[in-house]
Amino acid sequence: MSPHSEPLARHERAALADDLVSFGPDAPTVIDEWDASALLEHLILREQRQDLMIGPKLPVGPIADRSYAALRRLQERTWADRVEMLRSGPPRFSPFRFVDSLANTIEYLVHHEDLLRARPGWEPRTLSEAHDQELWTHLKRMARPLVRTDVDVTLVSPLGGVRVPSKDPIGSVRVHGSPTELTLWAFGRDRVSRVRIEGDPEALLVLRRGDRGF
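Going left to right, the sequence shown walks through residues 217 to 430 as our numbering numbers them.
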């Protein structure tokens, strides 16, 4: 199967694993709290320990002890072993094994870009037409829960547009970019997403006060 014809989630998993091997565990990401090692730990535990769901900050309370213990066991493995855990995919009975495209397409695309765009001199990648369309389909489905603000937002890509309405909008804005750039913007990666935003000054101010991502 050509890498451009396989599902985007599978393609991004393999490409991210390759880059993690090349860059090493101390490579930076665009998430201030994470280096490459922390990013990889998040992705592995997300698929193998859904009861923990470790994010940029470790949990507190009853779940904290189990989280630290799981992290310690994972960190005892070599870097190559940890990357291979990611590359081989979720374990047999993980729910992520049955909803790979639905659950992982955007997850792996965004976190791969988190790693790539933290490197000096980075330039945007060009996805295949099929992968662009696949990503756009997923972004349209997720746009409403991702973009939470008091303005109407329309995401505009070369593949079309999707409107994210507000309950009681204070104006409207249009955000232009490729499916990749719009996805990164919808996840709050403002520092590295290359989008163009249009709207009146008040609406743009309200937009900056809104929330994006999960």
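Positions of the beta carbon are idealized from the N, C-alpha and C atoms, including for glycine.
- The Cβ-Cβ distance between P374 and S394 falls below 9 Å.
- The C-beta distance from D427 to R364 rounds to 4 Å, short enough to fall under 8 Å.
- A distance of 9 Å or more separates the beta carbons of L318 and H347.
- In the structure shown, S373 adopts extended strand secondary structure according to DSSP, grouped into three states.
- Annotation for E222: no alpha helix (DSSP H) segment contains it, and DSSP assigns it neither H nor E.
- Check the Cα spacing between F403 and each of E345, K383, G429, P223: the tightest is with G429.
- For the 9 Å CB-CB criterion, R390 and V369 form a contact.
- E350: not part of any beta strand (DSSP E); member of the alpha helix (DSSP H) spanning 345-362, first to last residue.
- If you check the CB distance, L256 and V299 come in under 9 Å.
- By the C-beta criterion, the segment 408-425 is judged to be in contact with the segment 380-387, since at least 3 inter-stretch pairs fall below 8 Å.
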